[in-house]
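J.: My questions will all concern the structure given below.
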Amino acid sequence: MRILIADDSEDQAQITAELISLSLPCEIETVYDGQAALDRALAWRPDAVVLDVYMPGLDGIEVARRLRQHAQVAADYTPPYCVAVTGDPGAGSRLQALDQQFDRVFAKPLDVDQLIAALARLHGDEPGVAPAVQPFNLGELFTRAARQVLPVARHLSFSFDYRGDGVVVEGEPIEVHCCLHRLLLAAVDMLSDGFVLFTAETVMRPGGACSTLVQAAGTGTLRPPEQMAEVLDRMGLLPPPPGTPTGEPPAREGVQTAIGRCPNTGATVRFTLDPLEGILLRVELRFAHAAPDESAQAADATGARAWVVDSDEVPAAWLHRRLQRLGWRVKRFANCAEAERYAAEPEARPPSLLVVVEAALMRPAAVLALQHALPPTTQCVLAVMAGSPTLGAPEAYGSFDVRVYPFSPLELAEFAARAHPDQATRHSALLTGAMELADRPLVLLVDDNEINRLVGRALVEALGYEVVTANDGLDAIGQCRIKRPQIVLMDLDMPVLQGVDATLRLRELQRNGEIPPLAIIAATADATDNARLACHRAGMDGFMTKPLDIADLRTQLRRFTVSRV
């Protein structure tokens with residue numbers, strides 16, 4: 001192992017080097033100023049550097065920062081394990097910088113035994129100190145990370161979804177958990193209001209491997225530029241150098257991209273910011289060993305009824321869809337009183353599952369009154385946010401099963417396993433449940449911006465529609481020939497075929513009888529009168545500006561929806 005020690009006190013550097021060499025098999029070099037430390041670390045490539053924080057030339061923090069920055073742009077360079085030592089009584093004002101740039105921080109006078117122990121773990125000489133590799137459920141871990149972020153995202157409306165295979169992987173769960181929390185929290189910290197979407201999709205690979213694409217997307221009001229810069233710096237995200245292949249299409253003017261590496265998992269983190277659309281953070285996690293989680297494979301509610309009481313329409317709609325995938329017939333209510341009134345109607349059939357999502361002004365009496373209006377066989381679940389006072393006093397809600405929201409895949413499977421289908425109408429319930437997703441009105445979302453496609457799709461799906469996407473007007477025409485949408489949400493500024501020109505072509509094809517009629521609504525960041533006039537002349541049926549507002553979107557879509565959603 002190679003170790004570089006940098007300290008402007010030559011005696012201190014030499015003593016530290018001698019003590020380390022007595023305990024560890026290693027090569028050690030010493031330098032006495034920051035610039036020399038940087039130059040030698042880049043040339044010699046040590047496994048670890050021990051940096052005094054205050055040195056002539058460059059301070060230790062700047063040396064560590066430049067080493068990590070070099071690793072971002074040089075694929076063949078791995079940054080060393082960075083250790084800071086400082087005797088500065090004002091180091092408390094620099095804790096954030098120390099934490100960002102160093103793996104360990106020690107105060108002077110230096111406890112050399114602790115330093116040697118840290119370096120021994122790095123070298124692997126100390127038994128039992130390697131990170132714990134163990135099996136864990138990926139969907140459950142993603143859910144846990146989302147739960148821990150949501151309490152600090154109260155200013156945002158959110159959606160959560162985990163799709164794909166339920167798997168147990170072998171890895172370091174703490175490192176993956178840190179990676180997920182870091183990514184989701186960054187998205188929340190970039191928005192002062194609006195909408196945020198957390199998704200993960202897992203796919204099994206040949207040979208027992210799997211990959212999970214985790215995305216955190218948001219739209220709304222961005223934080224001021226200096227706060228955005230702080231988040232990017234915290235994440236270690238830098239603009240890719242000119243000419244660097246990123247695997248992404250060229251960004252249009254005004255769009256910022258950045259790339260970095262997760263310090264926990266080593267996975268590549270990608271960031272996109274479009275001031276007119278929003279933000280997107282993504283990371284793909286790969287695992288060499290994965291197996292299906294059998295406990296969730298056979299979950300099926302077989303057409304049983306579920307009622308969801310939630311005053312926030314967007315997350316309620318996503319829970320609606322997640323339950324539908326498991327065979328539930330779902331009905332949503334805005335509050336307990338509305339659900340209780342419905343339960344009293346003669347034609348109402350009681351649910352097998354009742355989920356009440358805790359709200360700020362919710363009274364336990366209203367929740368219990370709804371429970372008393374339902375049969376004792378109904379599963380009654382109260383969904384609360386992590387940290388809710390209800391978790392400390394669940395007895396206020398009687399026999400309700402209090403769970404932290406959002407629900408994990410295994411929890412949804414548990415609810416389905418306890419379902420009680422209405423046997424008299426089981427066949428028709430299964431048929432209706434299968435048709436509910438397939439027969440939703442279809443919306444074609446056309447936008448060349450990936451953020452807007454992702455967030456726009458989430459909003460439209462949350463309103464009860466099925467969505468297909470196209471990234472250009474030319475692609476939109478092809479999509480309309482294949483499968484007729486009832487509504488097209490059309491961006492205007494696209495690289496190959498502009499939205500206005502695509503609309504003119506679609507209207508021409510309709511006049512020729514080549515495609516059936518459909519509504520076209522502009523969805524654009526161009527709010528000028530000229531844009532509105534051009535859309536009207538092209539034959540568009542509506543006009544919306546970005547970022548999309550869910551209330552306006554609901555109104556516009558309902559204007560042209562043939563079937564009820």
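In terms of the UniProt record's numbering, the sequence shown opens at residue 1 and continues consecutively. Backbone N, C-alpha and C fix where the C-beta goes; we use that ideal spot for every residue, glycine too. Computed from a prediction, not measured in an experiment: that's the story for all the values here.
1. Short of 8 Å in beta carbon distance, which residues of its chain neighbour Arg457, apart from the five on each side in sequence? Order them along the chain.
2. Skipping 5 residues on each side, what residues in its chain have a beta carbon closer than 7 Å to that of Arg484?
3. Just how far apart, CA to CA, sit Gly87 and Pro25?
4. Got a sec? Which residues, its chain only, sit under 7 Å from Glu436 by beta carbon, not counting five neighbours each side?
5. Per DSSP, what are the beta-bridge partners of Asp161 in this structure?
6. Can you give me the Cβ contacts of Trp44 inside the same chain, cut-off strictly under 8 Å, excluding the 5 residues immediately before and after it?
7. In this structure, how does DSSP classify Ala369 when only helix, strand and coil are distinguished?
8. What is the rounded straight-line gap between the Cα of Arg104 and the Cα of Glu18?
9. Take the Cβ of Val73 as the centre, count every other Cβ of all protein chains shown within 10 Å, and call the residue buried at 16 or more, exposed below.
10. Have a look at Arg182, Gly218, Glu201 and flag the residue whose alpha-carbon is nearest the alpha-carbon of Ser192.
11. In chain order, which continuous runs of the beta strand (DSSP E) of length 3 or greater are located wholly inside the region 27-112?
12. What is the rounded straight-line gap between the Cα of Val133 and the Cα of Val167?
13. Beta-carbon separation of Gly260 and Leu238 under 8 Å?
14. Are Gly278 and Ile451 closer than 8 Å when you measure CB to CB?
15. Cα separation between His289 and Gly208?
16. What do you get for Gln227, buried or exposed, if any count of 16 or more other CB atoms within 10 angstroms of its CB means buried?
17. At the level of alpha carbons, what is the spacing between Arg559 and Pro375?
18. Going by other Cβ atoms of all chains shown within 10 Å of its Cβ, with 16 needed for buried, is Val356 buried or exposed?
19. Taking the Cβ atom as the reference point for each residue, do Val404 and Val384 lie within a distance shorter than 8 Å?
20. If I measure Cβ to Cβ from Phe407 and keep anything under 6 Å in the same chain, skipping five residues before and after, which residues do I get?
21. If I'm right that Thr34 touches Pro56 with Cβ under 8 Å, what's the distance once you round it to whole angstroms?
22. For Leu238, which three-state DSSP category applies?
23. Which one of Arg507, Pro263, Ala476 has the shortest CA to CA distance from Leu497?
24. Using a threshold of 8 Å, state whether the C-beta atoms of residue 578 and Val500 are closer than that.
25. Going by beta-carbon coordinates alone, are Leu412 and Arg322 separated by less than 8 Å?
26. Assign Leu548 to buried or exposed, taking buried as 16 or more other Cβ atoms, counted over all protein chains shown, within 10 Å of its Cβ.
27. For Arg418, count neighbouring Cβ atoms within 10 angstroms of its own Cβ and tell me buried if that reaches 16, exposed if not.
28. Following the continuous alpha helix (DSSP H) through Thr503, name the residue where it begins and the one where it ends.
29. Looking only at its own chain, which residues have a Cβ that is under 7 Å from the Cβ of His70, when we skip the five neighbours before and after it?
30. Whose C-beta lies closer than 7 Å to the C-beta of Arg154 among residues of the same chain, with five residues either side of it excluded?
31. Quick check on this structure: which residue in Gly327, Ala365, Ala369, Arg329 has the alpha carbon closest to the alpha carbon of Ala344?
32. Of the choices Val283, Thr212, Ala37, Arg511, whose alpha-carbon is the least far from that of Leu184?
33. Would you identify the three-state DSSP class for Trp318, choosing helix, strand or coil?
34. For Ile515, name the three-state secondary structure that DSSP assigns.
35. Looking at the structure shown, is Phe142 part of a helix, part of a strand, or coil, going by DSSP?
T.: Short version:
1. Only Leu445, Val467, Thr469 meet the Cβ criterion.
2. Excluding sequence neighbours, Arg484 sits near Ile515, Pro516, Leu518.
3. Near 28 Å, if we compare the C-alpha coordinates of Pro25 and Gly87.
4. Low per-residue confidence applies at Glu436: pLDDT is 49, beneath 50, and the placement is therefore not dependable enough to give any value.
5. Answer is Thr199, bridged to Asp161.
6. If we look at Trp44 and ignore the five residues flanking it on each side, its Cβ neighbours are Arg2, Leu4, Glu29.
7. Looking at Ala369 - three-state DSSP - the assignment turns out to be helix.
8. If I take the Cα positions, the gap works out to 20 Å.
9. An exposed status is given to Val73, since fewer than 16 other beta-carbon atoms sit within 10 Å of its beta-carbon.
10. Of Arg182, Gly218, Glu201, the smallest CA-CA separation from Ser192 is found for Gly218.
11. If you keep only unbroken beta strand (DSSP E) runs of at least 3 residues inside the region 27-112, you get 27-31, 48-52, 81-86, 104-107.
12. Cα-Cα distance, rounded: 16 Å.
13. Taking 8 Å as the Cβ cut-off, Gly260 and Leu238 qualify as a contacting pair.
14. Yes, the pair counts as a contact, with Cβ atoms nearer than the cut-off.
15. So the two alpha carbons sit approximately 6 Å from each other.
16. Exposed: under 16 other Cβ atoms inside 10 Å.
17. Going by the C-alpha atoms only, they are around 39 Å apart.
18. Buried, by the Cβ-count rule.
19. Against a cut-off of 8 Å, the Cβ pair of Val384 and Val404 comes out as a contact.
20. Excluding positions up to five away in sequence, the list is empty.
21. The amino acid occupying residue 34 in the given sequence is Gly; Thr does not appear at that position. Gly34 to Pro56, Cβ: 7 Å. Contact.
22. Annotated three-state conformation of Leu238 is strand, per DSSP.
23. The candidate whose alpha carbon is nearest that of Leu497 is Ala476.
24. A question about residue 578 goes unanswered here, because the residues of the chain that appear run from 1 up to 565.
25. Judged by their CB atoms, Leu412 and Arg322 are nearer to each other than the 8 Å cut-off.
26. Leu548 is buried by the Cβ-count criterion.
27. The residue in question, Arg418, is exposed, as its Cβ has fewer than 16 Cβ neighbours within 10 Å.
28. Thr503: member of the alpha helix (DSSP H) spanning 499-511, first to last residue.
29. Excluding five sequence positions before and after His70, the CB atoms of its chain that fall closer than 7 Å to its own CB belong to Leu42, Tyr77, given in chain order.
30. Cβ within range, chain order: n/a, list empty.
31. The option with the nearest alpha carbon to Ala344 is Ala369.
32. Among Val283, Thr212, Ala37, Arg511, the Cα nearest to that of Leu184 belongs to Val283.
33. In the structure shown, Trp318 sits in a helix (DSSP, three-state: H, G or I).
34. Three-state result, Ile515: coil.
35. Helix, per DSSP.
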